[in-house]
Amino acid sequence: MKKRGVGLANMWYGIGNTGLPNPASAYIELLDDGTVIVLTGCADIGQGSTTTLAQIAAEEMGVDIEDVRVVSADTGITPDAGATSASRQTYISGNAVKMAAKEAKTILVETAARMLEVDEDSLILEDRKIVVKNDKDKFVKIKECLGKCRAEGKLTLGHGWFNPDVTALNPEDGQGKPYATYAFATQVAEVEVNTETGEVKVLKIFAAHDVGKAINPINVEGQIEGGCMIGVGFALMEQVKVDKGNIKTPNLATYLIPTAMDTPEIYPIIVEDPEVTGPFGAKGVGEPALIPTAAAIVNAIYDAVGVRITDLPVTPEKLLKEIKKERN
Amino acid sequence: MNKKLIKFTLNDKEYKVEVEPQVLLVDLIREELGLTGTKVGCGEGECGACTVIMDGKTVNSCMVLAVTVDGKKITTIEGLAKGEELHPLQKSFVEEGAVQCGFCTPGMILSSKALLDENPNPTPEEIKKGLSGNLCRCTGYAKIVKAVEKASKELNK
Amino acid sequence: MSQLKVVGQNVKKKDVKEKVLGTAIFAADIKMDGMLYGKTLRSKVPHGIVKKINVSQALELPGVHAVLTEQDIPGVNKAGIIVKDEPVLVGIGQRIRKIGDPLAIVAAETEEIAEAALDLIEVEVEELPAVFSPLDAMKDDAPKLYEKGNIMAVRRIVKGDVAEAFKNCDVIVEQDYTTSMVEHAYIETEAGVAKMEGDVVNVWVCTQNPHYDRKDVAYNLNIGLNQARIIQTTTGGGFGGKLDVTVHVHVALLAKATKRPVKMVYSRRESISNTVKRHPFIMKYKTGCDKDGKLIAWQTEIIGDTGAYASYGPGTLTRAAVHATGPYEIPNVKVEAYTVYTNNPQAGAMRGFGVPQVAFAHESQMNLLAEKLGISPLEIRMKNAFIPGSITATGSKLEHSVGLKSTMESAKQAAEKVLGDKF
Chain A
113 MKKRGVGLAN MWYGIGNTGL PNPASAYIEL LDDGTVIVLT GCADIGQGST
163 TTLAQIAAEE MGVDIEDVRV VSADTGITPD AGATSASRQT YISGNAVKMA
213 AKEAKTILVE TAARMLEVDE DSLILEDRKI VVKNDKDKFV KIKECLGKCR
263 AEGKLTLGHG WFNPDVTALN PEDGQGKPYA TYAFATQVAE VEVNTETGEV
313 KVLKIFAAHD VGKAINPINV EGQIEGGCMI GVGFALMEQV KVDKGNIKTP
363 NLATYLIPTA MDTPEIYPII VEDPEVTGPF GAKGVGEPAL IPTAAAIVNA
413 IYDAVGVRIT DLPVTPEKLL KEIKKERN
Chain B
-7 MNKKLIKFTL NDKEYKVEVE PQVLLVDLIR EELGLTGTKV GCGEGECGAC
43 TVIMDGKTVN SCMVLAVTVD GKKITTIEGL AKGEELHPLQ KSFVEEGAVQ
93 CGFCTPGMIL SSKALLDENP NPTPEEIKKG LSGNLCRCTG YAKIVKAVEK
143 ASKELNK
Chain C
16 MSQLKVVGQN VKKKDVKEKV LGTAIFAADI KMDGMLYGKT LRSKVPHGIV
66 KKINVSQALE LPGVHAVLTE QDIPGVNKAG IIVKDEPVLV GIGQRIRKIG
116 DPLAIVAAET EEIAEAALDL IEVEVEELPA VFSPLDAMKD DAPKLYEKGN
166 IMAVRRIVKG DVAEAFKNCD VIVEQDYTTS MVEHAYIETE AGVAKMEGDV
216 VNVWVCTQNP HYDRKDVAYN LNIGLNQARI IQTTTGGGFG GKLDVTVHVH
266 VALLAKATKR PVKMVYSRRE SISNTVKRHP FIMKYKTGCD KDGKLIAWQT
316 EIIGDTGAYA SYGPGTLTRA AVHATGPYEI PNVKVEAYTV YTNNPQAGAM
366 RGFGVPQVAF AHESQMNLLA EKLGISPLEI RMKNAFIPGS ITATGSKLEH
416 SVGLKSTMES AKQAAEKVLG DKF
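Here it is, written out as structure tokens:
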């Protein structure tokens, strides 16, 4: 018989290293034609940090995304941004890039204020222009303003570094402030359990994630969906088998990960509770994406068949054994 | 060693090469012909990263001896775009956010192409089945399935 | 704030076109003139002392350009993210602590020749008793991997008085949980190429942290940090598994020794068998609340098997300890988390850093409590969820951006819309 059940799980996740300094830095150069080069040590491993950092730079400099080129993760060229881990790069490198952009535009804004005969405070940068906030018809193009800067012998460079506000954990009682900010999430899973075979099919996952601010929503969704599937694997199938220190599952025929056939319908839901210390309110999402998934699935299995598994993964053999026990 | 001369079509170009009998198709493509878009993820036919299309069907090029492609027609990821213009699948993968690290992408796109060539209007379930031999660890497959659906609509226009 | 123009937009990934065209260059795709291929000889025993490594026959094999052992390392012969406890190569008289520990590296004209050279290296090892269970490893009479013992680190978090508080609980649930060792299974295996340019060694490699890699390369080659240049290649996934060095120092050593570019690409078997994993956890949970479902006391013990070397182990267990009680405000908490060495494969960072394991446990506990109280899983979570102003188990106050109640509401609404009254 096939039985369905629904389960819920929450998670929290501190952004950045735990109770340790973990700064990141960036350089920015605003070039004569109004294009921008960002130098960052941040390694993009497919999650899209290069694009996220480009968006942050573009927003802060008031240029288009096409105007920004990010050069990343080359120790001969780029400054240290620490690890792409702990879901930290959007928050920490994002802040570093934003600060670098702020510095790079100071001379630009100062020059524009003189050109427009207004206060620096009244200016904003958008659409490749330096615009008077309350009188948008009054502006100077960034490129023209750069011409003026260069004529005056001024270059437009910036650097920035950001270290999250944390304290070390006390070695005795663990008290302290380990993280500057946390991501939160709730996932609901619906499963179908085959009570004859013990097989579990995850049908749906509703994944609501508080990311502070989604710099790039489609990429945030991608992180959530990918995370959920690593969570499905963790819950139901993945297990490195080790015998006396020897790995018995050394290839992808013996170590199984989810395939497209295992994909449930995933509903990523982006919740934005802005983090005041984050770049444009952003926190992080990479790891949070998978954290509650296995728990939600296990709770859903209990809802379906009244059996609580406390040892992951929930293989069909394991579940079938428990279902039989429950019957007797 | 006793090299064998083989003739085949690769991405619409005729090739004549001498290969040793034990050389794998993936090594011929990557090492000898320099087309590194075809990836090696496992070398055992499990991950699909080395997928190429041979006479309309997908094969894991890590499991095929190069000598066996004599007289056959091969398509790799490099053969899909027409100059600057992306193939509708490449376009939809870009637009739908179906690419993260990109390592599985060439194989994934070629399996999608073979699927759509055979079944121009697949259901999401048929797409998942068609891609079940291609592993992806980043995307959770959701946006890949959407991208294939989108490309199928585009190709049927 | 003025309206955002670029932030919040679905901007296409900067590198996506190259990836769909197949022109993005991953480390394994790099080819250079005169490039050699590197391979690693690894230990077949989990614990032992190396008595002999004889490379002379391997060196004589035509096409072999270098066979390096520990004696050929100019620098520290140490790697490791938090503690430098990993040998780059285990030398004569030194200790092997896991199957797969590297003993020698070879550079040759082809992969096949390099592979054949490995078979010609003679190795003698005196085996030592090994320990494979973290629970056994914690015992006094267990074989010790290190002088100071097998308990690598302990993290304690104490808030209030749990022993006293459990007396005042109306409902208590106690349960043990375990989780498996997990492989990252990025589709791209580890790969890198090194090449000397003047006195600088360039290493093109898939990585999550080039600036950390630089330190391990420089310190092992005994060169300045400004002489080790790490260039990240397009990286085919990481999930925490590409934080540790793998091929990095080895290709750099071989490039320096041969004055030729050297490339190393791990096979899938080599990757799964020798690189870090998600820590398997053994967890004991005891959770108590009052009759209304308000959490009062929470006690957790976690044992994480970090295998032969620490990697990110203490970081993982510390993070697990901090997150062990879930996103809930609890006045009395006691958590103890042990990072334990064994002769098992090494565990390190993997997406979630110990939190997926504890989330499985704390969210099971919440459901067990709800069931005993006869309230819904959502209700017990709503009663205890962090809100702005909440104090965590480590005593920090959550000031802002605490969207947990919103994520619960949003997930509930979305689920109800699709599932109806099933939710």
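Chains as they are written, first to last, in my numbering: chain A, 113 to 440; chain B, -7 to 149; chain C, 16 to 438. Ideal placement from N, C-alpha and C gives every residue a C-beta, glycine not left out.
Per-residue DSSP class, three states only, for residue i
i              : result
M113 (chain A) : coil
R334 (chain C) : helix
F401 (chain C) : coil
Q335 (chain A) : helix
G71 (chain B)  : helix
D320 (chain C) : strand
R283 (chain C) : helix
H377 (chain C) : helix
N359 (chain C) : coil
F0 (chain B)   : strand
N217 (chain C) : strand
K31 (chain B)  : coil
K214 (chain A) : helix
Residues near residue i in its chain [Cβ-Cβ closer than 7 Å; skip 5 each side]
i              : result
A152 (chain C) : V146, N165, V355, Y356 and T357
H415 (chain C) : P403
I435 (chain A) : T307, G310, V417 and V419
E198 (chain C) : I287 and K292
G176 (chain A) : According to the sequence as given, residue 176 (chain A) is Asp; it is not Gly. Closer than 7 Å at Cβ, skipping near neighbours: A170 and R240.
Any C-beta of chain C under 8 Å from that of residue i
i              : result
A73 (chain B)  : yes
C39 (chain B)  : yes
A320 (chain A) : yes
P428 (chain A) : no
G125 (chain B) : no
E12 (chain B)  : no
V86 (chain B)  : yes
Proximity test, Cβ basis, 8 Å: residue i and chain A
i              : result
L16 (chain B)  : no
K8 (chain B)   : no
C54 (chain B)  : no
V137 (chain B) : yes
P102 (chain C) : no
is_contact[residue i, chain B] using C-beta, thresh 8 Å
i              : result
I128 (chain C) : no
C340 (chain A) : yes
A121 (chain A) : no
R334 (chain C) : no
V433 (chain C) : no
Neighbourhood of residue i by C-beta distance below 8 Å, restricted to the same chain and skipping five residues each side
i              : result
V86 (chain B)  : L78
K250 (chain A) : L228, V230, V243 and V244
L147 (chain B) : P80, L108 and P112
Contact list for residue i against chain B, beta-carbon separation under 8 Å
i              : result
N306 (chain A) : Residues of chain B passing the Cβ test: none, with the nearest at roughly 18 Å.
E302 (chain A) : What E302 (chain A) touches in chain B: nothing, since even the nearest Cβ is about 16 Å away.
Chain-ordered chain C contacts of residue i [CB-CB under 7 Å]
i              : result
K130 (chain B) : Inspection of the sequence shows that residue 130 (chain B) is occupied by Cys rather than by Lys. Within chain C, the residues near C130 (chain B) are G252.
P98 (chain B)  : G37
Same chain, Cβ closer than 6 Å to residue i, five either side skipped, listed in chain order
i              : result
V140 (chain B) : S104 and I119
M16 (chain C)  : Annotation note: pLDDT 48 at M16 (chain C) (below 50); position unreliable, coordinate value reported separately. Nothing listed; no residue qualifies.
T162 (chain A) : D156, V182 and S184
Within chain B, the residues that residue i reaches when beta carbons sit closer than 7 Å
i              : result
T405 (chain A) : Neighbours of T405 (chain A) on chain B: none; closest Cβ ~10 Å, over 7 Å.
K28 (chain C)  : V91
S282 (chain C) : G35
Neighbour list for residue i in chain C, Cβ cutoff strictly below 9 Å
i              : result
R420 (chain A) : Q190, S379, N382 and L383
Chain-ordered chain A contacts of residue i [CB-CB under 9 Å]
i              : result
E203 (chain B) : This structure cannot speak to residue 203 (chain B), because chain B is shown only from -7 to 149.
9 Å Cβ cut-off: residues of chain B touching residue i
i              : result
A323 (chain C) : What A323 (chain C) touches in chain B: nothing, since even the nearest Cβ is about 25 Å away.
Near the ligand ADP: residue i beta-carbon under 7 Å from a heavy atom
i              : result
N207 (chain A) : Judged by which ligands are present, the structure shown has none, so any question about the ligand ADP falls away.
Chain-ordered neighbours of residue i on chain A, where CB pairs are closer than 8 Å
i              : result
A429 (chain C) : V300, F318, A320, Y379 and I381
Review point. Considering only residues of the stretch 226 to 272 of chain A, which uninterrupted alpha helix (DSSP H) runs meet the minimum length of 4 residues and lie entirely inside it, listed in chain order?
Key: 254 to 263
Point to revise | Whole beta strand (DSSP E) elements within the stretch 255 to 310 of chain C, 3-residue minimum | key: 277 to 280 and 296 to 304
Practice item. List in chain order: all unbroken alpha helix (DSSP H) runs of 4+ residues lying wholly within the stretch 114 to 177 of chain C. Key: 126 to 134 and 149 to 152
Review point. If you scan the stretch 382 to 432 of chain A from start to end, which runs of the alpha helix (DSSP H) of 4 or more residues do you find wholly inside it?
Key: 405 to 417
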